[in-house]
Amino acid sequence: MYSYKFKKFILLLSLSSFIFAFLIGILVLSLLLNDGPLNIISSPLVGIKMCISAVLVNCLFMFVLTVIYSSERSEDRSFFQPYSFIKSCGLLLLSSVIFHIISILYGAPVLISVEETYTFSVLMSVLVILPLCLFCGPVFDSWYEVFTSSSYLGIETVVYYTSIMSILGSWAGAAAIPLDWDRPWQAWPISCAVGAIFGYCLGLLFGAVQLPRELLNNKWKVI
Amino acid sequence: MLILKTFILLVFIYILSLSGILIFLKGFLLSRSVVERKSECLVEFALRAEDNHTHHAKGCWMHSRFKRAIIVLIDALKYDFMEYNETLGIDEIQNIHFKNKLTILHQLKTKKPLNSRLYKFIADPPTTTMQRLKGLTTGSLPTFVDAGANFKSYHITEDNILEQLVQQNKKIKFFGDDTWLGLFPDQFHQSFGFPSFNIQDLHSVDDGILANIYSEMKKSDWDVIIAHFLGVDHCGHRFGPNFPAMRDKLLQMNAMLSNITQLMQDDTILFVMGDHGMTNTGDHGGDSVAELEAGLFIYSPTQIASSQQKDDNTVKQVDFVPTISLLLGLPIPFSNLGMVITDLFTHCPWWSTATNDIRQAYHKIKALRMNAYQISSYLSAYQSQASDLPENELRTLQQLFTNTEQEIQKYITMMAKDGVKSDTLSKFQSLENSYRTFIRDTRQICENVWAKFDLKWMLIGILTLALGVAQSLYLWASWSNDETSLPTSAKFLLGGSLAYLICIAVHLFIFPTSVPLMPVTLAALLIVANFVCVKSFMPEMFVVKRYFTLVNVVSSVLFIMNCCIYFSNSFVVNEDEISMFLLQTLVCIFSASIILSKKSLRGKTEHTKYSKKSKSSFDIMQVVLHPKTVCFFVCLSLCALLRLSSSFIPCREEQVSCRNSVFPQPLASLEGATKNKRYIFSIVSLAVMVYASRRWLKHFGNLNGTSPGVVAMLYGPPLAALFTCLHWALQGLSDLVSDSFTPWQLALMAQAVYVVLLVSIVTLTVWPLLIFMIPSKANSALYLSHKGDLQHIIPTIYNQLKVNFQQSHNEKDSERSPIIYGLGSAYSASICAYLVLFGLLLTLLLSDGTAPSITLGILVLYLCLELYSAAIVSNSKHEEDMSSPRWAGLVLFNLLSTVFFYTTGHQATVPSIRFEAGYVGFYGDLKSFILPGFLVWLNTFAGPVFFSLAGPLVIFWPLLFSGLASWMINKKSEQVKEKTSWQGDFSIFNNGIKLNKHLFSLVCGTIFITSLKLLFATCAAALHRRHLMVWKIFAPRLVYESALFVTVTACMFVVCLFVHRVDRALIQFVKHIHPDKDS
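Okay, structure coming up:
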């Protein structure tokens, strides 16, 4: 059976992802709809950077939560070792470059709006790779675990949903680009970035719903 | 027997879908032949009746009433906008922004009723500007396919009013929408064209016209001024008719009109017209009353009519052409179907007709007679050229025409002899009515044939196509199961479909007027029955959960998305990018499924949640050569190749931000360094293509020995490539140099390529096996000394038949079992060889600019097949079903065909057909159009042809376990396979039924996929038949999709027959070395 502390941890996690899903969603909506200087349509770079920082805050909060509540596994947290830290940073950098390349392969312009594309790729690596680095360590094998077998209950469930949903969201966001509506938000990184963040929020929501359900189903064992 | 049966079955489904699309297109595509003849000034019938000397003005068929004309075309000017409603109050006028704004028309009409006329000006659907301009200038009815027209541009070749004006040395000035400049490139004396593309822009065209028109009008160097204003139309599109911006626009037009009428001189006539109306939302294109009712206002400072306008004020838009022709003293354009507006021919200033009723009537009849003569000669010219008009009715009409003509001649002679009698007027009245009936009925008949969507045919077409889809799905599902023969229900349903085909044939050709109740019911029943039967297979599918893999689900979703593209105009316009996007996604999913598959886990039996041991020694090679990394890189390089190939896509007109790259242009038009670079690039890519294919064949040992097929493959492709390069070099010469060659010299190289490829293909068909046998009795040591390079081939290629026959034969036999090279890839090698030969043909036809895309296609094909087979092998549980073609594979190939249709330099538009391909290697005028047509067709569908010829590789490739695929999946499983003797695709040979079944499944699946896509395209076209862009976007897309369906399936048939031929040859081969083995 689960320990009381673990149950509390899971419920807190669920609650916080729920709240963060809403907070980030509202942030993106306000970025989309306000008329001020922070409008993501008129200044996409600033908007995307705001979103990146929001996601960073979210990840940090969750990270602190996991560190506090799973003290018995704290020696597992290879993140605190300098080697892993450097490796994580390197991976983040590498992944942002790879995301940049992938965006270009998928049809982003090569020479113009390079900064937008790169900001978008940083956003993608923050949405997808950062949680994996933070919560699973910079080890491919444990990332692999997250996607193949959902056999662990915990922050991995949320990470699973957010990373898949972010990628799906940015993919679906591209559908708006070819339409002939002549709206400013159809310009290249905006719809994809917004789609990615909405996907992330949706992933958080899924995680928030899934965590207590799995807890009730009680078919997971804690190691 | 079985093969024949399956073949007939497939052909039957093919015919079912094909007849569906043909029936639909017959109802949907409006078509007519274009008669290229022009009307001439001096004609017999005009001379006989006309008395030019009595008039002060010259003219062709009739004397010219006006010397000059001003045509003001205000796009989307509705009759509502022009009509003045005096009953409206002030506040009502303020609320209805389009009403009573053109006050100048009202003023002129009330002040000078004999000088002005206002008509409802009824357009013929489709009410799009391009079609309307054709109607307004030629007087004929618009259709989608003006067969015989110049396909390269939208240039009007039919006789038209502008052409006639130029013939009579009249000078035309044009202002406004530059669509006209595309339609009439050289008719204008002077033109001020402005781009019309941006619908959001209300003012730039109109302001551009207004800045020039007055000053140009004051000059005297013109006879006809045409001004085409776009603001009203754009305002309607953007805001709708009832919006303040429309009021401003109409007031601006009003000011313009009053300025023009003040500047006009007495010898000038003014036409103010709209080309179509608009709906309440401001759109147009369809055939609702609001869209059809444009307005026409005619005014001249001199008197134009003898009486006030009567209530009957509706004219057709085609009536404009004969009216203005005769008023200006021009011949009526040859293809005109309109009727002169008789109201304008009652007054003749030289005859004092004002008081003389008989003269008025006579003048009217004279105009009508010219008109009728012209229409009659058009009809006979048309009938000699095409046969789509109903003959009987036309014969009656021609009879009416001749009778009237005789009567009028008789009457005129009588009048000249006896003078005017009391019944003359009524006699004239009846003559006028006969002429009117003749013209009106002719027009009606043509309209029925040319300008109406035939909803009945469209419906039956869609149903037939849906039946084809359902039938192919059912056959596919039932045959993919493990039965050896078709279930009874399938036979029953096939019989039903046959009965249905007969039923619609009877219905459409024998009782064309009846309501199609029976075929519709039958089709609906059959479709439902098919789906019920498919459903009966469903439980098995659901129980075996293997159908719900990641790859299958995602590929289905992507396929459906690809189908839904047809429903949105902007998606169709950008389809090249979108299908590329979907294909890349599918590729990524393939590699994701390999990465995530259980099999590629390398011996991970126990797992801790977080692996503690972060390796202290970090080996970069281990990471790079890790199967998953390799897989990732394969995926990345595939995406990169696809992205590279997108630079060969030409831009279509609607893609605003698109810029053409250097590749789609002809080589001769390039300059210096660019030219050389591109030529060298093309040659290098061609060399890569030939080298890569040779390398692959060598790798599997298929290029050994001296069998004719092998020799053809050894020398054919390099020779063909060499000649192709030389041909391109000749094509790239500048005009000056190439003029010094005779035409046959320029064509010689291409002909050499044809000969080489034809010989190779025929050789390969006759001797399809690319294998080489060393008889066991031969001294192998001696042999090796002859061929030094065999050592490094042997480890990979050799396959001993020993393994196959060991079970059935005793030890004595095994001693003399021969060594055979390339048996393990007997099928794939032959298909690849075939593919390379066809690829070279396509390369030649594509010309040097876009030819490298075929090289990219070969590389993409290789990587895709590797990825596909790795995904199959890593996800399949049973060894045996590896070769059956998967749904995902079919979708992959379909997407590849679509993408490479675009990347071989095409777009789904009519002007992007590359007709120059028809003249590759032929210098003179060919008698028939079959061969050039075939070549153009091959050029247009180069990508789809290539990838459907590669289709059967889906069956054989997963059996090959070639290097990259086995690298991407677990290496251990490869070692296991090595031990149990690698058989390659020869393993399928022992099971003849299995091969046939796979081939059937492949072709049937392809028919299902392509006809389902076609069904979507058909439904989209039927749904959008009133859409603004239907003739520019949806209809061409549908036509291309149907041609694609025909092409892909036909190629599938061809290549499957070839595979069958290989199979036969292999059977004979095995019999030859083992005569005692049966079957």
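Going down the list, the sequences are from chains X and Z.
Heads up, the first sequence stops at 223 in our numbering, and the numbers go up one at a time, no gaps.
Heads up, the second sequence stops at 1302 in our numbering, and the numbers go up one at a time, no gaps.
All C-beta atoms in this analysis are idealised placements derived from N, C-alpha and C, irrespective of residue type, glycine included.
Keep in mind that this is a model prediction, so the values were computed, not measured.
Check                                                                                                                                                                                : Outcome
With 8 Å as the limit, tell me which residues of the region 798-816 of chain Z have their beta carbon closer than that to any beta carbon of chain X; keep them in chain order.      : Glu800, Ile801, Met803, Phe804, Gln807 and Thr808
Compare the C-alpha of threonine 157 of chain X against each of X/Ile10, X/Leu27 and X/Thr119 and name the closest.                                                                  : X/Ile10
Looking only at its chain, what residues have a beta carbon closer than 8 Å to the beta carbon of isoleucine 345 of chain Z, apart from the 5 residues adjacent to it on each side?  : Leu515, Glu516, Ala517, Thr537, Val538, Lys539 and Gln540
Lysine 394 of chain Z and histidine 412 of chain Z look like a contact to me (Cβ under 8 Å); what is the Cβ gap, rounded to whole Å?                                                 : 4 Å
Using a Cβ-Cβ distance under 7 Å, would alanine 863 of chain Z count as near chain X?                                                                                                : yes
Which one or two residues does DSSP pair with phenylalanine 398 of chain Z in a beta bridge?                                                                                         : Z/Phe415 and Z/Ala450
Which residues in chain Z sit within 7 Å of leucine 179 of chain X, going by Cβ to Cβ distance?                                                                                      : Ser793
In whole angstroms, what is the alpha-carbon distance linking asparagine 383 of chain Z and glutamate 267 of chain Z?                                                                : 21 Å
Where do the ends of the beta strand (DSSP E) carrying leucine 519 of chain Z lie?                                                                                                   : 516-522
Helix, strand or coil: which one does DSSP assign to arginine 340 of chain Z?                                                                                                        : strand
Output the distance between the C-alpha atoms of isoleucine 1016 of chain Z and tyrosine 1044 of chain Z, rounded to the nearest integer angstrom.                                   : Here the model assigns isoleucine 1016 of chain Z a pLDDT of 40, short of 50, so the residue's position is not dependable, and the following value carries that caveat. Approximately 9 Å between the Cα atoms of the pair.
Helix, strand or coil: how does DSSP classify lysine 442 of chain Z here?                                                                                                            : coil
So, is glutamine 954 of chain Z buried or exposed, given that buried needs 16 or more other C-beta atoms within 10 angstroms?                                                        : buried
Less than 8 Å between C-beta atoms, sequence neighbours within five positions excluded: which residues of the same chain meet that for leucine 31 of chain X?                        : Leu38, Asn39, Ile40, Gly47, Met50 and Cys51
Bridge partners of tyrosine 1044 of chain Z, per DSSP?                                                                                                                               : Z/Phe995
Scan the region 167-200 of chain X for residues whose Cβ lies nearer than 9 Å to a Cβ of chain Z and list them as they occur along the chain.                                        : Trp171, Ala174, Ala175, Ile177, Pro178, Leu179, Asp180, Trp181 and Asp182
My guess is that isoleucine 1211 of chain Z and proline 1108 of chain Z are in contact by the Cβ rule of under 8 Å, so how many angstroms apart are they, rounded?                   : Their Cβ separation, rounded to whole angstroms, is 12 Å, which puts isoleucine 1211 of chain Z and proline 1108 of chain Z out of contact at 8 Å.
So, at 7 Å on beta carbons, what are the nonlocal neighbours of phenylalanine 1292 of chain Z in its own chain, with the 5 sequence-adjacent residues on each side left out?         : Leu992
Suppose contacts are defined by Cβ-Cβ distances below 7 Å. Is phenylalanine 543 of chain Z in contact with leucine 331 of chain Z by that definition?                                : no
So, with DSSP's three-state summary, where would you put leucine 1238 of chain Z?                                                                                                    : helix
Whose C-alpha, out of Z/Asp409, Z/Leu1154, Z/Phe1061 and Z/Trp680, is nearest the C-alpha of valine 738 of chain Z?                                                                  : Z/Trp680
Taking DSSP as the reference, what is the three-state secondary structure of lysine 301 of chain Z?                                                                                  : strand
Name the residues in the region 865-894 of chain Z whose C-beta lies less than 7 Å from a C-beta of chain X; which are they?                                                         : Arg866
Could you tell me the distance, in whole angstroms, from the CA atom of serine 88 of chain X to the CA atom of glycine 459 of chain Z?                                               : 58 Å
Quick one: which chain X residues come within Cβ less than 9 Å of leucine 819 of chain Z?                                                                                            : Tyr144, Phe147 and Thr148
Which word fits isoleucine 313 of chain Z, buried or exposed, when buried means at least 16 other C-beta atoms lie within 10 angstroms of its C-beta?                                : exposed
Please list, in chain order, all residues of the same chain as leucine 1235 of chain Z whose beta carbon is under 6 Å from its beta carbon, the five residues on each side excluded. : Val692
Short check: CB of glycine 207 of chain X to CB of cysteine 192 of chain X, under 7 Å?                                                                                               : no
Can you check which of these residues, Z/Leu682, Z/Lys898 and Z/Lys301, is closest to leucine 248 of chain Z by C-alpha distance?                                                    : Z/Leu682
Can you give me, in chain order, the residues of the region 95-114 of chain X that have a beta carbon less than 8 Å from any beta carbon in chain Z?                                 : Ile101, Ile102, Ile104, Leu105, Tyr106 and Gly107
Between phenylalanine 1124 of chain Z and tyrosine 522 of chain Z, what straight-line distance do the alpha-carbon atoms span, to the nearest angstrom?                              : 54 Å
If you compare alpha carbons, which of Z/Met487, Z/Gly505, Z/Asp444 and Z/Gly1072 is closest to alanine 468 of chain Z?                                                              : Z/Gly505
Candidates Z/Leu265, Z/Asp471, Z/Leu364 and Z/Phe398: which alpha carbon is nearest asparagine 323 of chain Z's?                                                                     : Z/Asp471
Go ahead and pull the three-state DSSP assignment for arginine 825 of chain Z.                                                                                                       : Low per-residue confidence applies at arginine 825 of chain Z: pLDDT is 44, beneath 50, and the placement is therefore not dependable, though the value from the model is reported in the following sentence. Note: arginine 825 of chain Z maps to coil in three-state DSSP.
Verify whether the separation of the beta carbon atoms of cysteine 264 of chain Z and proline 556 of chain Z is less than 7 Å.                                                       : no
For a minimum of 3 consecutive residues, which ranges assigned as the beta strand (DSSP E) are wholly contained in the region 39-74 of chain X?                                      : none
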